[in-house]
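Structure first, commentary second.
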Amino acid sequence: MTVPHDNVLGMKCVLCGAEYRMDEHPYVCPRHGNEGILDVVYDYDYIRKRFSREALAQDRTPSIWRYLPLLPVADSAAIPPLPVGWTPLYPAHRLREQLGLRDLWIKDDGRNPTASFKDRASAVGVARARELGRPIMTAASTGNAASSLAGIAASVGMTTYIFVPETAPQAKIAQLLIFGANVIMVRGTYDQAFDLCLEASARYGWYSRNTAYNPYLSEGKKTASLEICEQLGWDAPDRIFVSVGDGCIIGGLWKGLRDLRALGWIERMPKLMGVQAEGSAVLYNAWKAGTEEITPIVPTTLADSISVGIPRDRIKALRAVRETGGEYITVSDEEILDAMRVLARSAAVFGEPAGVAAFAGLRKMLAEGRINPDEKIVVLVTGNGLKDVASAIKATGKPHLIDPTVGDLEALMRSLGHAAG
Ligand SMILES: Cc1ncc(COP(=O)(O)O)c(C=O)c1O
Ligand SMILES: [Zn+2]
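Using the numbering used here, the letters of the sequence shown correspond one by one to residues 34 to 454.
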């Protein structure tokens with residue numbers, strides 16, 4: 034089944050620049066094995082004639098699909114019904130006061146239907162599969178991409194086969210199971226699950242939602258940038274902080290910003306600030322060394338969603354930071370747990386460890402005196418804290434436990450320094 038995509042000129046390989054028609058190769062540029070990530074090239078003249086900021090202002094669609102003319106989906110019947118995206122951007126007043134930042138905003142993507150940013154990509158992936166008439170999808174994931182695919186596929190009755198490492202937190206596994214995915218748990222790392230999933234996709238003909246392999250996922254992820262700029266009245270932020278594992282989110286954010294620059298809808302390019310866990314800092318290392326080549330590692334961080342030893346979207350992720358004048362930053366697990374507490378207690382946004390790593394990065398830069406208090410800063414929270422309650426409890430300690438007697442209550446209150454009134 035072929036649907037004409039009049040807004041798309043074609044696909045371009047990020048490694049060699051080769052250009053293809055949209056229907057020519059389903060995934061990567063065939064010249065580089067699985068590495069030749071393609072980028073969707075839009076016809077901005079065509080889009081500009083049919084889409085405007087004024088039209089958007091009148092549009093009440095509360096989801097990523099308000100940006101349909103900037104997405105690689107032509108058949109609106111293929112769009113899944115779950116409302117994905119259009120998540121809130123909070124003016125975090127208490128945090129602003131505490132941190133001394135006048136223009137700080139928190140975008141809470143834990144408020145997506147399956148509680149993570151990844152719904153943006155899965156929604157576009159599922160829509161593309163439906164346009165292509167592909168009934169079965171597969172993904173390998175540290176957890177969120179998988180649970181999000183499973184949920185969105187469930188909303189349209191699509192079958193999924195999901196590969197996850199044994200170490201994925203229970204809540205994410207529970208989501209997969211409850212959404213009815215076929216869950217294949219791999220005794221190994223995320224990186225091994227990823228390679229096995231690619232093999233399975235080729236062998237059984239399942240449509241792949243693997244990061245940096247399926248080129249349409251970045252397009253879903255870019256919608257967060259479109260939203261941020263629209264929610265700020267098209268006055269783009271100075272910096273956007275985001276946590277980075279494979280690098281697909283940050284690459285997607287950059288794509289959205291480039292779209293807006295090409296359309297002339299924003300006047301400046303925000304600096305993209307990629308935050309990695311110290312134990313999983315492959316892209317940080319490459320950025321620091323000034324290369325696009327990576328040195329794989331065995332990752333060690335409690336932030337499971339960014340625990341990645343071989344970042345698959347390295348090219349887009351490194352260029353996103355370099356070409357916007359941003360930076361890569363690393364944070365320790367301790368700093369991540371600390372950020373989890375502060376964000377929850379001062380802004381009531383409960384993020385999972387990878388979800389708050391971006392905030393930890395901002396706090397670190399602030400402590401180093403490297404942020405001007407007048408800057409307009411957006412911190413993206415990419416996953417909800419209920420996905421990993423074990424880490425939340427690690428960040429906070431246990432509740433008080435007493436017998437149900439007034440005597441015990443009074444003893445506790447005395448120990449806490451509260452006298453009865
Ligand atoms: C909550 C959360 N934050 C951040 C990321 C990092 O995204 P990427 O791997 O595209 O860099 C992920 C990816 O799984 C995630 O689930
Ligand atoms: Zn190529």
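Positions of the beta carbon are idealized from the N, C-alpha and C atoms, including for glycine.
Contact test: GLU385 Cβ vs ligand 1 heavy atom, cutoff 8 Å: For this step, residue 385 is matched to residue 352 along the sequence shown. Flag set: Cβ of GLU385 near ligand 1.
Helix, strand or coil for ILE195? Go by DSSP, reduced to three states. As a working note, residue 195 is residue 162 in the sequence shown. In this structure, ILE195 counts as strand in the three-state DSSP scheme.
Where ASN405 falls, given that 16 or more other Cβ within 10 Å makes a residue buried: Numbered from its first residue, the sequence shown carries residue 405 at position 372. By the neighbour-count criterion, in which 16 or more other beta carbons inside 10 Å mark a residue as buried, ASN405 falls on the exposed side.
Please report the straight-line C-alpha distance between ASP76 and LEU132, rounded to a whole angstrom. Residue 76 sits at position 43 when you count from the first residue of the sequence shown. Residue 132 sits at position 99 when you count from the first residue of the sequence shown. Each residue's Cα considered, the two are about 42 Å apart.
Mind listing, in chain order, the residues whose beta carbon lies closer than 5 Å to a non-hydrogen atom of ligand 2? Residues close to ligand 2 by the beta carbon criterion (under 5 Å to any non-hydrogen atom) are, from first to last along the chain, CYS46, LEU48, CYS49, ALA51, CYS62, ARG64, GLY69.
Does ligand 1 have a heavy atom nearer than 8 Å to the CB of THR222? Counting from 1 along the sequence shown, the entry for residue 222 is found at position 189. Not so, every heavy atom of ligand 1 lies at least 8 Å from the Cβ.
To which residues does DSSP link GLY50 through a beta bridge? Numbered from its first residue, the sequence shown carries residue 50 at position 17. Under the DSSP definition of a beta bridge, GLY50 lacks any partner.
Between the C-alpha atoms of ALA452 and LEU445, what's the straight-line distance to the nearest angstrom? Within the sequence shown, residue 452 is the residue found at index 419, counting from 1. Within the sequence shown, residue 445 is the residue found at index 412, counting from 1. When rounded, the distance between both Cα atoms is 10 Å.
Does HIS38 pass the burial test, meaning 16 or more other C-beta atoms within 10 Å, or should it be called exposed? On the sequence shown, position 5 is the one that residue 38 refers to. Burial call: buried.
Indicate the three-state DSSP secondary structure (helix, strand or coil) for ASP141 in the structure shown. As a first step, residue 141 must be located in the sequence shown, where it is residue number 108. Correct three-state label for ASP141: strand.
Alpha carbon to alpha carbon, what distance is there between ASP78 and LEU370? Translated into positions along the sequence shown, residue 370 becomes position 337. Translated into positions along the sequence shown, residue 78 becomes position 45. Roughly 46 Å separates the two Cα atoms.
Across which residues does DSSP place GLY304 in a beta bridge pair? Translated into the one-based positions of the sequence shown, residue 304 becomes position 271. Reading the sequence as shown, one finds Lys at residue 304 and not Gly. Its beta-bridge partners are ARG272.
Quick check on the burial criterion: 16 or more other C-beta atoms within 10 angstroms. Buried or exposed for PRO114? As a working note, residue 114 is residue 81 in the sequence shown. So PRO114 ends up on the exposed side.
For LEU48, which residues from the same chain have a beta carbon less than 7 Å from its beta carbon, with the 5 sequence-adjacent residues on both sides left out? Along the sequence shown, read from residue 1 onward, the residue named residue 48 stands at position 15. Closer than 7 Å at Cβ, skipping near neighbours: CYS62, HIS65, GLU68, GLY69, ILE348.
Where VAL157 falls, given that 16 or more other Cβ within 10 Å makes a residue buried: Within the sequence shown, numbered from 1, the residue matching residue 157 stands at position 124. Buried.
Measuring straight from C-alpha to C-alpha, what distance separates ALA148 and ASP142? As a first step, residue 148 is located in the sequence shown; it is residue number 115 there, counting from the start. As a first step, residue 142 is located in the sequence shown; it is residue number 109 there, counting from the start. Going by C-alpha positions, ALA148 is about 7 Å away from ASP142.
6 Å CB neighbourhood of ALA51 in its chain, flanking five on each side removed: For the purposes of this step, residue 51 is taken as the residue at position 18 of the sequence shown. Same-chain partners within the cutoff: CYS62.
Have a look at PRO102 and GLY430 and give me their C-alpha separation to the nearest angstrom. By one-based count along the sequence shown, residue 102 stands at place 69. By one-based count along the sequence shown, residue 430 stands at place 397. Straight across, the Cα-Cα distance linking PRO102 with GLY430 is about 48 Å.
Under the assumption that ILE169 contacts ALA179 (Cβ atoms under 8 Å), give the Cβ distance between them as a whole number of angstroms. Taking the first residue of the sequence shown as position 1, residue 169 is located at position 136. Taking the first residue of the sequence shown as position 1, residue 179 is located at position 146. About 15 Å separates the CB atoms of ILE169 and ALA179; that is not less than 8 Å, and the two are not in contact.
In the DSSP assignment, the beta strand (DSSP E) including TYR361 goes from what residue to what residue? For the purposes of this step, residue 361 is taken as residue 328 along the sequence shown, with counting starting at 1. For TYR361, the enclosing beta strand (DSSP E) has its first and last residue at 360-364.
Presumed contact (8 Å Cβ cut-off) between VAL414 and VAL389, rounded CB distance: Reading the sequence shown from its first residue, position 381 is the one you call residue 414. Reading the sequence shown from its first residue, position 356 is the one you call residue 389. Correct: roughly 6 Å between the Cβ atoms.
Are SER276 and GLY307 touching if we call contact CB-CB under 9 Å? One-based indexing of the sequence shown puts residue 276 at position 243. One-based indexing of the sequence shown puts residue 307 at position 274. Yes. Within cutoff.
So if DSSP puts LYS45 in a beta bridge, which residue, or which two residues, is it bridged to? Reading the sequence shown from its first residue, position 12 is the one you call residue 45. Beta-bridge pairing links LYS45 to GLU52, ASP72.
With distances taken Cα to Cα, identify the nearest neighbour of TRP287 among LEU305, ALA295, ARG272. Along the sequence shown, one-based indexing puts residue 287 at 254. For TRP287, the closest of LEU305, ALA295, ARG272 by C-alpha to C-alpha distance is LEU305.
CA nearest to the CA of GLY280, picked from LYS151, TRP119, ARG403, SER424: Indexing the sequence shown from 1 puts residue 280 at position 247. For GLY280, the nearest C-alpha among the options comes from LYS151.
For ILE435, which residues in the same chain have their Cβ closer than 7 Å to its Cβ, ignoring the five residues on either side in sequence? Here residue 435 corresponds to residue number 402 of the sequence shown, with the count starting at 1. Within the same chain, ILE435 has close Cβ partners ASP441, LEU442, LEU445.
Since ASN215 is in the beta strand (DSSP E), which residue starts that stretch and which ends it? For the purposes of this step, residue 215 is taken as residue 182 along the sequence shown, with counting starting at 1. For ASN215, the uninterrupted beta strand (DSSP E) run begins and ends at 215-219, by DSSP.
Report the rounded CA-to-CA distance for VAL382 versus PRO202, giving the unit in angstroms. Against the sequence shown, residue 382 aligns to sequence position 349. Against the sequence shown, residue 202 aligns to sequence position 169. So the two alpha carbons sit approximately 20 Å from each other.
Take THR256 and list the residues in its own chain whose beta-carbon comes closer than 7 Å to its own, dropping the five residues that flank it on each side. Working through the sequence shown from its first residue, we reach residue 256 at position 223. Sequence-distant Cβ neighbours of THR256 in its own chain, meaning closer than 7 Å and more than five residues away, are ILE97, TYR100, GLY118, ARG153, GLY289.
Alpha carbons only, please: which of LEU71, LEU42, VAL36, LYS82 is nearest the one belonging to LEU296? Position 263 of the sequence shown, counting from 1, holds the residue named residue 296. For the residues LEU71, LEU42, VAL36, LYS82, the minimum Cα distance to LEU296 belongs to LYS82.
At a cut-off of 8 Å, would you count ILE339 as near ligand 1, judging by its Cβ distance to the nearest heavy atom? Residue mapping note: residue 339 aligns to position 306 of the sequence shown, counting from 1. For ligand 1, at least one heavy atom lies less than 8 Å from the Cβ of ILE339.
Buried or exposed: where does ASP268 fall if 16 or more other Cβ atoms within 10 Å of its Cβ makes it buried? Looking up residue 268 in the sequence shown gives position 235. Answer is exposed; the Cβ neighbour count stays below 16.
Let me check one thing: in DSSP terms, what residues is MET170 bridge-paired to? Indexing the sequence shown from 1 puts residue 170 at position 137. DSSP output for MET170 lists THR193, TYR240 as bridge partner(s).
Go ahead and pull the three-state DSSP assignment for ALA319. For the purposes of this step, residue 319 is identified with residue 286 of the sequence shown, where counting begins at 1. If DSSP states are grouped into helix, strand and coil, ALA319 belongs with the helices.
Given that a residue counts as buried once 16 or more other Cβ atoms are within 10 Å of its Cβ, and exposed if not, what is MET34? Residue numbering aside, residue 34 sits at position 1 when the sequence shown is read from its first letter. Residue confidence for MET34 is low, a pLDDT of 48 falling below 50, so the modelled location carries little weight; the figure read from the coordinates is stated next. An exposed status is given to MET34, since fewer than 16 other beta-carbon atoms sit within 10 Å of its beta-carbon.
For the candidate residues ALA187, VAL219, LYS397, PHE227, whose alpha-carbon lies nearest to that of GLN208? Here residue 208 refers to the residue found at position 175 when the sequence shown is read from its first residue. With distances taken between Cα atoms, GLN208 lies closest to ALA187.
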